[in-house]
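The sequence shown begins at 60 in this note's numbering and counts up one residue at a time.
Beta carbons: idealized from backbone N, C-alpha and C, even for Gly.
Source: prediction; values computed, not measured.
In what follows, a single structure is set out as structure tokens and then discussed.
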Amino acid sequence: MNIAIDGPAGAGKSTVAQLTAKHLGYTYIDTGAMYRALTLAALHEGVSLSDEEELASLLDRISIGLQQQASGQRVFLNNRDVTEEIRHPDVSRQVSLVAKHPKVREKMMVLQRKLAGQESVVMDGRDIGTFVLPDAEVKVFLTASIEERAMRRYKEMLEKGHDANLADLQLEIQLRDKTDSDREVAPLRCAEDATILDSTGMTIEQVVSRIIELCKNKT
Ligand code: C5P
């Protein structure tokens, strides 16, 4: 059984997907982390983020690893742990520019389907229910108000000891959602057969229980 969780930035997808996967004993796959790792590699190697061919070829040359550890998921780029680096504002601001290229998405989709073919997964992203795993047994579109999403990100940044500005974060999230929704290939959309979960005012536990309930109804 595969579970697809899509939604806009900052909706809490990764936290919820990770906990759901842990509860069910499934593998968690964070597809946003894969696009972020490619963006980081491009920034390091000086590859232009508008050069589709170069980005696609870079993706062929790098290795992206996702590893589940007790502390949570770790992300590796060419065997180097980049879990924190891929969350840097420079990456967050530019990742959508990388993710909009059709050739990059095509290659990512192959990698993601391969991972899902090996075991039961909870996969989160923007196009999982619509394109990557259209046959996923459970599809959730997780959202929350823009104010709440920005506030969650703000608190997360402060907890990690980073400087943050709430208004700037809200703008960044809105801009990223717009770029992700307006792109021509596999835009951010709710799949027709997805359950929409608005997590505004809900706790993480409540959202996870709701998803587990949806899974139980499928078995
Ligand atoms: O999920 P996260 O916010 O880390 O995703 C970062 C970016 O990666 C998104 O804003 C989007 O541009 C891209 N992405 C995507 N398709 C996915 C997952 C992420 O285009 N399935």
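Compute the distance between the beta-carbons of residue i and residue j, then report whether it is under 9 Å.
i, j, result
"Ala115", "Lys162", "yes"
"Ile270", "Thr79", "yes"
"Ile123", "Val199", "no"
"Asp183", "Ile263", "no"
"Asp236", "Leu247", "yes"
"Met93", "Glu196", "no"
"Arg208", "Ile187", "no"
"His104", "Leu117", "Checking the sequence, you will find Glu at residue 104 rather than His. For Glu104 and Leu117, yes; Cβs fall inside 9 Å."
"Leu174", "Ile121", "no"
"Gly66", "Thr202", "yes"
"Asp239", "Arg185", "yes"
Closer than 8 Å: is that where the CB of residue i sits relative to any heavy atom of ligand 1?
i, result
"Tyr213", "no"
"Ile187", "yes"
"Ser73", "yes"
"Asp183", "yes"
"Val134", "no"
"Tyr87", "no"
"Arg248", "no"
"Val34", "Residue 34 cannot be examined here, being either before or after the span of the chain that is shown, 60 to 278."
"Val169", "no"
"Gly91", "yes"
"Asp149", "no"
"Arg235", "yes"
"Ala101", "no"
"Ala253", "no"
"Arg208", "no"
"Thr79", "no"
"Val180", "no"
"Thr52", "Lying outside 60 to 278, the shown extent of the chain, residue 52 is not represented and no answer is given."
Would residue i pass as an interface residue toward chain C - the criterion being a Cβ-Cβ separation below 9 Å?
i, result
"Ile145", "Absence of chain C from the displayed structure is noted, only one protein chain being present."
Could you have a look at residue i and say whether DSSP puts it in helix, strand or coil?
i, result
"Leu201", "strand"
"Tyr85", "coil"
"Asp227", "helix"
"Arg133", "strand"
"Asp241", "helix"
"Thr259", "coil"
"Asp236", "helix"
"Leu247", "coil"
"Thr278", "coil"
"Ala68", "coil"
"Ala63", "strand"
Give me the Cβ distance between residue i and residue j, rounded to the nearest whole Å; I'm assuming they're in contact under 8 Å.
i, j, result
"Val180", "Leu97", "With 8 Å as the limit, Val180 and Leu97 do not qualify as a contact, their Cβ atoms being about 20 Å apart."
"Arg95", "Val150", "5 Å"
"His82", "Val267", "7 Å"
Where are the alpha helix (DSSP H) runs, 4 residues long or more, that stay fully inside the stretch 92 to 122, in chain order?
111 to 120
Beta strand (DSSP E) runs wholly inside the stretch 140 to 194, at least 3 long, in chain order:
180 to 184
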